[in-house]
Amino acid sequence: MAYRAKEEIKRDYCWDDLERKTGKDRLEFYQDELLKNLGKYGTGIVKEIFANASSFIKKPSTFSTLVTEIDKLDWYSARQEGLGDLYEGLLEKNANEKKSGAGQYFTPRPLIDSMVEVMSPTLEDIIQDPAAGTGGFLIAANRYIRKHNAPDSWTEAQQRKYRRNTFYGMEHVQDTHRLALMNLMLHGLESDPNAAGIRYGDTLGQDGEALGNTGATLMLTNPPFGTKKGGGLPTRTDFTFPTSNKQFCFLQHIYRGLEPGGRAAVVLPDNVLFEGNVGKQIRADLMDKCNLHTILRLPTGIFYAQGVKTNVLFFTRGKKEKGNTQEIWVYDMRANMPQFGKRTQLTRQHFAEFEVAFGDDPLGRPTSLAKRQDTGEQGRFRRFTRDWIAERNENLDIAWLRDESDGEELPEPVALAQEAMIELEAAIAELQGILAELGEEVVEL
């Protein structure tokens, strides 16, 4: 079931052609011919990967050393060990070391794996990540499906569905998009701009309307933090509640795009749980249209270079439009936890108790919720009724444990400043949304 990219690379632009060149000619061939021609005249996924590609390497000697070292690799053994896993490991290492750009929003692998575990993707699912990044959620879902099935026994129809109608996503940063496509390709998954795969586009623009019609039965995602660039409202015309807050826009895309009975796990910052005005309306609409059965309060410090506090919302799209949420279970994994970072690494084991408490029903059906145990004010897992939430003005920012963490583990000043900036951005976005709703001109800051 491996994807055969070599068939899409034109002759004269293969590895052997690059290797035959020497010195200055090799770098010039790579920059002036290979990159440009594969991006312009290539076919399929190869053309997308190389679209508008460029190289920052300036010295021919540096490039020749790179080519020589790559050529020394035992590619047969690498394939046996899993090129895709090696590549994904490099992406994670790069993100962990990066203090700005996409790296600061990289979703930690243990969190991804835990979300996938409790959502239990199947071969029958149509899985979507509307903020795909480098494809981490889709690759993890793919890994789960293959681990819990016997791919060699799949029928031809099942194999075709798996390759062509299972994994969908969108990414609006082109360099990140090409990394995502390579990730899919190395994991044997296909990508078609008009079908399955990770598309290049803006989910909060018109591109996202088509993505929202793919019939998703499972959404796994970590939308980027902050406000829409330049302020103002997104260009999506199908949102019931226009707002410049990106998280609220993504949240609308997700619960509106789910098929009845479809489920989602979404990473969102604290402000989404308590913001007023349009935020309150969106939360109420979410709880009407979906069964928002579980909220996981995440530890601080798990997103590199970010002081933002985050949560995972787990919900299932109802088959009716009203009254789907009857109770919400909140698991507090934030209070009395270590300050995660480079010194204290987040691991999968940290999620073990949550996964047990969550149970084995990814849909959060009433019969399953009835089996859960409310651990009381001294425990981490508690149940709250929909009526109680309504009395709180639809505020879902629920905490009850006293955090007795050692003061020495407080976040660094930079992280605290970044957290304050994020809260200010959220407040500004809310004010801009109010002005836009009143028909006033929104001043960009």
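Counting along the sequence shown from 1, when you hit position 253 you're at 251 in this note's numbering, and nothing is skipped either side. Using N, Cα and C, we set each Cβ at its ideal position, and we do this for glycine too.
Proximity of residue i and residue j at Cβ, strictly below 8 Å
i: I124; j: Y85; result: no
i: L256; j: I280; result: no
i: F61; j: I55; result: yes
i: Y329; j: L294; result: yes
i: L266; j: T201; result: no
i: G133; j: I196; result: yes
i: T314; j: G274; result: no
i: E319; j: D359; result: no
i: G131; j: A178; result: yes
i: P119; j: A148; result: no
i: P108; j: H251; result: no
Inter-residue spacing [alpha-carbon to alpha-carbon] between residue i and residue j
i: N334; j: R384; result: 27 Å
i: M168; j: T238; result: 21 Å
i: C288; j: T323; result: 6 Å
i: G230; j: T373; result: Because the pLDDT at G230 is just 49, under 50, the model does not fix this residue reliably, and the value given afterwards should be weighed accordingly. So the two alpha carbons sit approximately 43 Å from each other.
i: L311; j: T292; result: 6 Å
i: E67; j: L182; result: 24 Å
i: F349; j: L36; result: 43 Å
i: G316; j: C12; result: 51 Å
i: L88; j: F301; result: 17 Å
i: T241; j: L25; result: 47 Å
i: E46; j: L16; result: 20 Å
i: P364; j: W327; result: 12 Å
i: L209; j: N163; result: 13 Å
i: G203; j: P221; result: 14 Å
i: R158; j: L121; result: 11 Å
i: Y198; j: T105; result: 20 Å
i: K145; j: V264; result: 23 Å
i: G206; j: R176; result: 19 Å
i: G260; j: L218; result: 11 Å
i: S53; j: L136; result: 28 Å
i: D14; j: T63; result: 16 Å
i: N243; j: T342; result: 32 Å
i: R141; j: T345; result: 18 Å
i: V171; j: C247; result: 18 Å
i: K97; j: F272; result: Because K97 carries a pLDDT of 47, less than 50, the predicted location of this residue cannot be relied on, and no value is offered for it.
i: V306; j: P336; result: 16 Å
i: L399; j: R381; result: 14 Å
i: A388; j: V270; result: 16 Å
i: M180; j: N391; result: 45 Å
i: K325; j: F356; result: Sequence inspection shows Glu at residue 325; the Lys mentioned does not correspond to that position. Approximately 14 Å between the Cα atoms of the pair.
i: S366; j: D401; result: 30 Å
i: A282; j: N393; result: 10 Å
Outcome for residue i when other beta-carbon atoms lying within 10 angstroms are tallied against a minimum of 16
i: Y28; result: buried
i: D23; result: exposed
i: Y39; result: exposed
i: S112; result: buried
i: K70; result: exposed
i: Q376; result: exposed
i: V116; result: buried
i: S189; result: buried
i: K19; result: buried
i: D30; result: exposed
i: D10; result: exposed
Extent of the continuous beta strand (DSSP E) to which residue i belongs
i: T314; result: 308 to 315
i: F27; result: No beta strand (DSSP E) holds F27; DSSP gives it neither H nor E.
i: D14; result: That residue, D14, is in no beta strand (DSSP E); its alpha helix (DSSP H) goes 13 to 18.
i: G195; result: 195 to 198
i: I326; result: 325 to 330
Endpoints, alpha helix (DSSP H) assigned at residue i
i: C247; result: 244 to 255
i: N275; result: Premise fails: N275 is in no alpha helix (DSSP H) and is neither H nor E.
i: N181; result: 172 to 184
i: T60; result: 58 to 69
i: R162; result: 154 to 162
i: R461; result: Nothing can be reported for residue 461: it is not among the residues displayed for the chain, which extend from -1 to 443.
i: G42; result: 42 to 48
Contact with chain C by residue i, beta-carbon distance below 8 Å
i: R141; result: Judged by its chain identifiers, the structure shown contains no chain C, having just a single protein chain.
| task | Kindly provide the ranges of any beta strand (DSSP E) runs that are 3 or more residues long and lie completely inside the segment 120 to 148, ordered along the chain. | result | 125 to 127
| request: May I have a chain-ordered list of the alpha helix (DSSP H) segments no shorter than 4 residues that lie completely inside the segment 353 to 395? | output: 364 to 367, 384 to 389
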